[in-house]
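All residue numbers for the sequence shown refer to the working numbering, where the first residue is 432 and numbers rise by one.
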Amino acid sequence: MIRSAARAAEGPMRPGGRAWIAGVATCTLLAGCGGASSTDSALRVETPRGASAERAGGGAVDTRSAPRRSAWRSLVTTADRTRLREWRTAWVSALAQLKPGEIAAQGDLLAPDRVLEDPIPPAGSYRCRTFKLGAPSGSGLRFVAYGWFPCRISTGAGDGVSDFVKDAGSQRPVGSIYAESNSRGIFLGSMQLADERHPMRYGTDHNRDMAGLVERIGARRWRLVLPYPRFESTLDVIEIVPVD
């Protein structure tokens, strides 16, 4: 994949540079900013009582077999529960390492609390691109924007769970999206690599596991936010827009 610095503005500057970053950083952890309700902004991730040791401890599970709303809570591994809980910490840390122009060029895409209702993209063909933000070790690339790749959303067997698949590239997220609130979905999946024909089931390999938030940020624009990915960055944001 070709790395490019995505600096072309997509509209008027919304975030306000360094001052805006500082304002985000002062928000109470896991509390809403910018008018979002505390219910939607704070992600409380808990394993229900009675969940099996395999699921709570990270055993391999098929995420597509859970039919109920918020069923992800009984599937998520302990490590990913922590990553999801600390989504805002990861976001603030990543933004603090970027230049104001890099943030402003993407508009609402990188604004943590710019979310709308109906977060799950409808079934169909999409194109998506990944932004890697922040260097976990404090050195290295702090902003990387990849090109567009085909991806798709499909619905399960009427169970209220949608599937997300990135169809091309050497790193391809594949997994399921669960409704969590009127403004947020939860993604659990794995990273399919290179020429692999089939993705690993979630929980098989912790280095491949992926957990994130799915949100709508425009009339036909969504994002998949992955806090503390295993490698390379502090936060990954995948922009998702329809093909047509």
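A virtual CB, placed ideally from N, CA and C, is assigned to each residue, including glycine.
{"Query": "Neighbour-count burial assignment, Val592, 16 or more Cβ in a 10 Å radius", "Result": "buried"}
{"Query": "Cβ separation of Val596 and Arg583, assumed to be a contact under 8 Å, to the nearest whole Å", "Result": "5 Å"}
{"Query": "Simplified DSSP state of Ile551, which is helix, strand or coil", "Result": "coil"}
{"Query": "Member of Leu541, Gln537 and Phe618 whose CA lies at the smallest distance from the CA of Ala521", "Result": "Leu541"}
{"Query": "Top-ranked residue by Cα proximity to Ala525, from Ala554, Ala610 and Leu564", "Result": "Leu564"}
{"Query": "Rounded separation between Leu666 and Pro660 - CA only", "Result": "7 Å"}
{"Query": "CB-CB length for Trp518 against Pro658, believed under 8 Å", "Result": "4 Å"}
{"Query": "8 Å Cβ cutoff met for Arg651 and Val672", "Result": "yes"}
{"Query": "Per-residue DSSP class, three states only, for Val605", "Result": "strand"}
{"Query": "Rounded C-alpha distance that separates Ser505 from Lys530", "Result": "39 Å"}
{"Query": "Glu548 Cβ short of 7 Å to the ligand SAM heavy atom set", "Result": "The ligand SAM is not part of the structure shown, which contains no ligands of any sort."}
{"Query": "Cβ-based burial, Val668 [other Cβ within 10 Å; buried from 16]", "Result": "buried"}
{"Query": "Burial state of Pro553, where buried means 16 or more other Cβ atoms lie within 10 Å", "Result": "exposed"}
{"Query": "Selected residue, minimal CA-CA separation from Gly633, among Gly620, Leu644 and Thr561", "Result": "Residue identity differs from the one stated: residue 633 is Tyr in this sequence, not Gly. Taking only the C-alpha atoms, the option nearest Tyr633 is Gly620."}
{"Query": "Selected residue, minimal CA-CA separation from Ser614, among Glu627, Leu644 and Arg628", "Result": "Leu644"}
{"Query": "C-alpha gap between Pro581 and Ser570, whole angstroms", "Result": "31 Å"}
{"Query": "Start and end residues, alpha helix (DSSP H) containing Trp522", "Result": "Trp518 to Leu526"}
{"Query": "Same chain, Cβ closer than 8 Å to Gly555, five either side skipped, listed in chain order", "Result": "Arg583, Ile584, Pro673 and Val674"}
{"Query": "Per-residue DSSP class, three states only, for Arg514", "Result": "helix"}
{"Query": "Cross-strand partners of Ser612 (DSSP beta bridge)", "Result": "Arg615"}
{"Query": "Segment limits, beta strand (DSSP E) that includes Glu533", "Result": "First-last for Glu533: Pro531 to Ala535, but that is the alpha helix (DSSP H), not the beta strand (DSSP E)."}
{"Query": "Residue nearest to Thr509 in terms of C-alpha spacing, selected from Val656, Ala642, Arg545 and Gly649", "Result": "Ala642"}
{"Query": "Reference Glu611; option with closest CA among Glu548, Arg558 and Asp544", "Result": "Glu548"}
{"Query": "Helix, strand or coil at Thr665 [DSSP, three-state]", "Result": "coil"}
{"Query": "Three-state secondary structure (DSSP) of Thr509", "Result": "helix"}
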